[in-house]
Amino acid sequence: MSHSSPAQTSQPKPLNRPDYEAVQSLPEMWAIAAQRFKDVIVLKDPHRKPAVELTYAQLYQQMQQFAAGLQALGITGSEPPVALIADNSYRWLVVDQGIMLAGAADAVRSPQADREELLFILADSGSTTLVAEDQVTLQKLQPQLNELPLQLIVLLSDEIPTLSHPAYIVNFSQVLEAGANWDFQPVPLNRDNLATLIYTSGTSGKPKGVMLSHANLLHQVRTLDSVIQPEPGDRVLSILPIWHVYERAAEYFLFSRGCTQIYTNIRQLKRDLQEFKPHYMVSVPRLWESIYEGIQKQFRAQPLSKQRLVNFFFINSQRYIEARRIVQKLNLKQLNPSAAERLAAGLQMTLLGPVHALADKIVYQKVREAMGGSFKQSISGGGSLGMHLENFFEIVGVQVLVGYGLTETSPVLAARRPWHNLRRASGQTIPETEIRIVDPENRQPLPQGEQGLILARGTQIMQGYYRNPTATAEAIDPQGWFNTGDLGWLTPCQDLVITGRAKDTIVLSNGENIEPQSIEDACLRSPYIDQMMLVGQDQRSLGALIVPNLEALQAWAKSQRLFLELPGAEEKCPADLELTQLESKPIQNLFRQELNREVKNRPGYRPDDRVGPFRFILSAFAPENGLMTQTLKIRRPVVTQRYHDMINGMFD
């Protein structure tokens, strides 16, 4: 990877791209890609047993064969959406596009979701066909599964079906076998046809089925090369849930450009980065935090003299990139520097350049090599990226672009560009997209630079919520403007800056409105805080629920000559013992100092932003315990309800 990539400032010339302008449906896109890139490897599933590797031609053939198998089993395209409840695998993609080739739409979700949520989706979508990960998934849905009007069940596995159910049950290979003996009949589709229902897990309330058309998803295929320009054969590491719109739209786009996708997972990520040397990776902030922590852990394991050298390099490189941002007019706090300020910044770059270059040769190059060494760009979405992560990856020469969007917007509305990577912003709109900032109360447009509610309009805006016209009318006004529910503002260059969620706002007893996200992001810079959620509605001050980083805390205690009997990564000890130790005065003082420092150092600090009381939680927020969505967003109302007594106790 070229170290100079983060400093790219000029937009590249348009490249020769496959023409998808006239395409009416996603299956038509695959027909073009299969012809254009037929011998290119499209998918690698190295952790499947046996491992799978397919070319574009082979994958498209399987999609057609699966579609023929569905037709042989009675799928005509006129029925309700086909429920697809499964996780990442090449077979998921075969089924997804096979369903569309057969003329139907799919309703997707992970089998890891709550049982009640999956049953709700099956009932709400009206599905008469279910494609399920395996028999364990079917067992999870019993006995209510027998009460649903299912006529056909397909196991994505090759298990021999044993479940007793009125529906006809077959497995993946049996559908392919049926398709091999069936004359496939292409089904004409247009852009207005429903392609998929994606049920938002949300942070509260019942899931809503987001109706995305072929036009919505093809918009992303046609326009995302305004952000990145992949080449045929470029390697993409896939780790996010395949059913989620962010990963899904990214995959459709990257496949349309002839890329090779490799499936990975958290356990294998470190090894796969080094083995497959990806050019691109689509991820969420939590993943970047994990990579950052892993690298920091390696730094902390070095001898003290080496740690001092690394710290020296990072301090000076931080000054170098801050000066470079001013020169390039990419400092959000100083968007229009004077000629004198740019000259001073340029001089600082000149003075610090040799130190930064030496650091790159000694330290940063090794970091890039540990991440594969071939990244062109990496894309982060699904939440804001902490400034410590922005700084770190810019320093080491790994270009991370941040985008913004929602399930309802297919999802990308805006994204940072390699040649205009304004940190702390969410980028400029992509083609065919409008953003408007309005007063949350009267919906009147606000002047540029003022914070307000973000409305969006464009080809990628959903058709509506499935069988829910009331919710649709609340989300999309008669002029087609979609209410994102997010707050933000626009820079003079039309970069969108997200400042929080309108519905996540904490209103203190003094009437001050607090947006928790940016304060939480600032506090997460502390190495001792793993996760955190602010509370304090109708209270005099903010409070916090904190999941501490026990490993970092143990190291700190050792340096202070304090004895803590805390568990290591593979150990467990009684929760009450841990909490008793965490309530000790030295640890309370440490966290008080960390919170005060990080909150006060964030831009735009106000006294009301100060975090008052806090309590420790030893069970991390996670999808498995229902405290996070599948896309790793904290479900604030759920956390508030679960820790109701603890929160109330803070303010007694």
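So the sequence shown is numbered by the numbering used here: it starts at 541 and just counts up by one.
Backbone N, C-alpha and C define an ideal beta-carbon position, used for all residues, glycine too.
Residue i - partner residues in DSSP beta bridges
i, result
"H960", "R957"
"L801", "Before going on, a small fix: residue 801 reads as Gln here, not Leu. For Q801, which the question treats as bridged, DSSP gives the partners L583 and V776."
"I919", "V822 and L941"
"G967", "Paired residues: none, contrary to the question."
"E934", "Note: E934 sits in no beta bridge, so no partner."
"A996", "I975 and F1022"
"Y1005", "V750"
Beta-carbon proximity list for residue i, same chain, < 6 Å, skipping 5 on both sides
i, result
"E771", "none"
"Q918", "A small correction: the amino acid at residue 918 is Ser; Gln does not occupy that position in the sequence shown. Cβ neighbours of S918 beyond the five flanking positions: M821 and V940."
"L662", "A623 and L688"
"N1188", "none"
"D1116", "Here D1116 scores only 45 on pLDDT, less than 50, and its place in the model should not be relied on; the value that follows carries that caveat. Taken in chain order, the list of residues that qualify is empty."
"S857", "H896, A899 and I935"
"R576", "P558"
Where the alpha helix (DSSP H) through residue i begins and ends
i, result
"Y820", "No alpha helix (DSSP H) holds Y820; the beta strand (DSSP E) holding it covers Y820 to S823."
"D664", "R655 to S665"
"Y1068", "Taken as a continuous stretch (DSSP letters only), Y1068 belongs to no alpha helix (DSSP H), as it is neither H nor E."
"W526", "Any property of residue 526 remains undetermined from this structure, which presents the chain solely from 541 to 1192."
"F793", "V785 to S796"
"I1016", "Looking at the DSSP string, I1016 is not in any alpha helix (DSSP H), and its letter there is neither H nor E."
"M603", "Y596 to A612"
"I855", "L844 to V867"
"L875", "Where L875 is concerned, there is no enclosing alpha helix (DSSP H), given that its DSSP letter is neither H nor E."
"G749", "No alpha helix (DSSP H) holds G749; the beta strand (DSSP E) holding it covers K748 to S753."
"N1136", "K1125 to N1141"
Short Cβ contact (8 Å threshold) for residue i with residue j
i, j, result
"V750", "L780", "no"
"A623", "V671", "yes"
"M1190", "P1153", "yes"
"V867", "M889", "yes"
"T969", "Q1034", "yes"
"R1041", "Q1057", "yes"
"P1163", "Q652", "yes"
"L777", "G926", "no"
"T1169", "V1075", "no"
"Y944", "S920", "no"
"T1012", "A755", "no"
"K810", "G912", "no"
"T1039", "E1060", "no"
"L870", "L962", "yes"
"A647", "S665", "yes"
"R964", "V1037", "yes"
"L1093", "P1126", "no"
"E699", "D674", "yes"
"E829", "L929", "yes"
"R1150", "S1081", "yes"
Proximity test, residue i beta-carbon vs the ligand SAM heavy atom, cut-off 7 Å
i, result
"D1192", "Judged by which ligands are present, the structure shown has none, so any question about the ligand SAM falls away."
First through last residue of the beta strand (DSSP E) which encompasses residue i
i, result
"G1040", "L1036 to R1041"
"T1161", "Contrary to the premise, residue 1161 reads as Phe rather than Thr in this sequence. From DSSP, F1161 is part of no beta strand (DSSP E); its letter is neither H nor E."
"P1088", "L1082 to P1088"
"I1174", "Neither: I1174 is in no beta strand (DSSP E) and is coded neither H nor E."
"E974", "T973 to V978"
"I709", "Y708 to N711"
"W1029", "F1022 to L1030"
"V648", "D646 to R649"
"L737", "L734 to T740"
Own chain partners of residue i with C-beta closer than 7 Å, once the 5 adjacent residues on each side are dropped
i, result
"Q1079", "L1048, S1049 and F1191"
"P1114", "Reliability of the predicted coordinates at P1114 is poor, the pLDDT of 40 falling under 50, and no value is obtained from them."
"P1143", "K873"
"R649", "I625, L658, I661, Y739 and W783"
Sequence-distant residues of its chain with Cβ nearer than 8 Å to residue i (five each side left out)
i, result
"V1087", "I1069, D1070, Q1071, M1072, F1156, I1157, L1158, S1159, A1160 and F1161"
"E990", "I977 and W1029"
"A645", "P621, V622, I639, N733, L734, A735, T736 and L737"
"T668", "E619, P620, P689, L690, Q691 and L692"
"V710", "L613, L692, I693, V694, L695, P701 and A718"
Problem - the stretch 931–940 touching the stretch 967–987, judged by at least three CB pairs closer than 8 Å - result: no
Practice task
Check whether the stretch 598–612 touches the stretch 637–650, taking contact to mean three or more Cβ pairs, one atom from each stretch, closer than 8 Å.
Solution key: yes
Handout entry: Segment contact flag, the stretch 723–733 with the stretch 970–985, C-beta cutoff 8 Å, min 3 pairs
Key = no
Practice task
Indicate whether the contact test is met: 3 or more Cβ pairs, each with one atom in the stretch 843–860 and one in the stretch 807–824, closer than 8 Å.
Solution key: no
Practice task
Could you tell me whether the stretch 941–949 touches the stretch 999–1014, using the rule of 3 or more Cβ pairs below 8 Å?
Solution key: yes
Handout entry: Contact between the stretch 791–806 and the stretch 581–598 (3+ Cβ pairs under 8 Å)
Key = yes
Problem - Segment contact flag, the stretch 681–701 with the stretch 652–659, C-beta cutoff 8 Å, min 3 pairs - result: yes
Handout entry: Segment contact, 8 Å Cβ cut-off, at least three pairs: the stretch 825–838 with the stretch 868–877
Key = no
Handout entry: Three or more C-beta pairs below 8 Å linking the stretch 688–697 and the stretch 586–596
Key = no
Handout entry: Three or more C-beta pairs below 8 Å linking the stretch 750–762 and the stretch 559–569
Key = yes
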